[in-house]
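Only one structure is covered here, and it is reproduced in the block below.
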Amino acid sequence: MMFCIWITGIPGSGKSTIAKELADELKKKNINIQILRLDEIRKIVTPNPDYSEKERDIVYRALAMMAKFLYDNGITVIIDATANKRDYRNLARNLMKNFFEIYVMCSADVAGRRESSRVQNLVQKDLYKKAKEGKIQLPGINAVYEEPENPELIIDSEKISPKDAATMIVGHLNL
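Following this line, the structure appears as structure tokens:
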């Protein structure tokens with residue numbers, strides 16, 4: 030059985046780390062998986078992102094379609110993306126039967142500290158600082174982040190380790 034698992038939460042909440050741990054757990058169960066990281070996709074679709082609502086609408090619609098194409102070809106998809114609007118996540122939910130929305134909760138203070146210490150170059154550095162200076166719109170700071178209304182699972186990443194979060198997700202999938 031295949032799934033589409035959308036891991037959502039504000040930037041820096043721990044989505045990418047949980048997605049990687051989850052992928053490792055699913056691979057141990059011989060499940061064919063693909064992680065779709067919006068940060069990687071955005072670098073191609075919008076090489077100089079401005080994080081505007083118009084840009085987000087485009088990249089999230091493209092992301093949902095990529096997920097559907099993979100899902101339709103028998104691949105379990107893990108989407109690692111903030112998706113600040115419920116509509117983005119609901120689009121994917123409506124496209125794929127076995128859809129699971131995982132909400133990674135985290136305070137903006139903790140997420141901001143995590144984000145500022147990132148070493149990867151996929152994401153612009155100091156997003157929280159730039160948002161506080163008004164240079165960009167960042168969900169959870171100066172742009173709306175619509176929390177999921179009925180996620181399949183809520184993970185408090187300040188209290189639960191990424192590995193334990195992945196184990197919880199696998200358990201929720203009944204694998």
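Residue numbers are given in the numbering used here: position 106 of the sequence shown equals residue 135, and the series is strictly consecutive.
We put the CB at the ideal spot given by N, CA and C, even for glycine.
Throw me the rounded Cβ distance for the residue i and residue j pair, which I believe falls under 8 Å.
| i | j | result |
| --- | --- | --- |
| Thr111 | Gly200 | The Cβ separation is near 25 Å, so there is no contact. |
| Ala194 | Ile47 | 5 Å |
| Pro168 | Asn113 | 4 Å |
| Pro177 | Arg90 | In fact, because the Cβ distance is near 19 Å, the residues do not count as touching under 8 Å. |
| Asn127 | Phe32 | 5 Å |
Give me, in chain order, the residues of the same chain whose beta-carbon lies closer than 7 Å to that of residue i; leave out the 5 immediate sequence neighbours on both sides.
| i | result |
| --- | --- |
| Glu139 | Residue 139 is actually Val in this sequence, not Glu. Here the set comprises Glu187. |
| Ser84 | The amino acid occupying residue 84 in the given sequence is Glu; Ser does not appear at that position. Here the set comprises Thr75, Pro78. |
| Ile36 | Lys44, Ile47, Ala48, Ile107, Ile108, Asp109, Ile131, Val133 |
If you draw a straight line from the C-alpha of residue i to the C-alpha of residue j, how long is it?
| i | j | result |
| --- | --- | --- |
| Glu253 | Asn77 | Any property of residue 253 remains undetermined from this structure, which presents the chain solely from 30 to 204. |
| Glu130 | Ile34 | 6 Å |
| Leu51 | Met197 | 9 Å |
| Met30 | Leu182 | 19 Å |
| Leu202 | Leu120 | 21 Å |
| Lys58 | Lys164 | 44 Å |
| Lys220 | Leu67 | For residue 220 there is no data in the structure shown, the boundaries of the chain being 30 and 204. |
| Cys135 | Ile189 | 11 Å |
| Met125 | Asp185 | 26 Å |
| Lys158 | Lys72 | 20 Å |
| Ile170 | Ser146 | 18 Å |
| Gly141 | Glu162 | 14 Å |
Excluding the five sequence neighbours on either side, which residues of its own chain have a C-beta within less than 8 Å of the C-beta of residue i, listed in chain order?
| i | result |
| --- | --- |
| Gln166 | Tyr80, Ser81, Glu82, Ala160, Ala172 |
| Leu65 | Leu92, Met95, Ala96, Leu99, Val106, Ile107, Ile108, Asp109, Ala110 |
| Asp116 | none |
| Pro191 | Gly43, Thr46, Ile47, Lys49, Glu50 |
| Ile87 | Val74, Thr75 |
| Ile70 | Val88, Ala91, Leu92, Met95 |
Leaving aside the five residues before and after residue i along the sequence, list all residues of the same chain whose C-beta is less than 6 Å from its C-beta, in chain order.
| i | result |
| --- | --- |
| Arg143 | Gly41 |
| Asp2 | Examination of residue 2 is not possible in this model, given that the chain is present from 30 through 204 alone. |
| Pro180 | Glu130, Tyr132 |
| Ile104 | Asn61, Gln63 |
Quick check for students: name the residue ranges of the beta strand (DSSP E) that lie wholly in the stretch 124 to 187, counting only runs of 3 or more.
128 to 134, 182 to 185
Inside the stretch 71 to 105 only - alpha helix (DSSP H) runs reaching at least 4 residues
Secondary structure remark: continuous alpha helix (DSSP H) runs of at least 4 residues inside the stretch 71 to 105, in chain order: 82 to 101.
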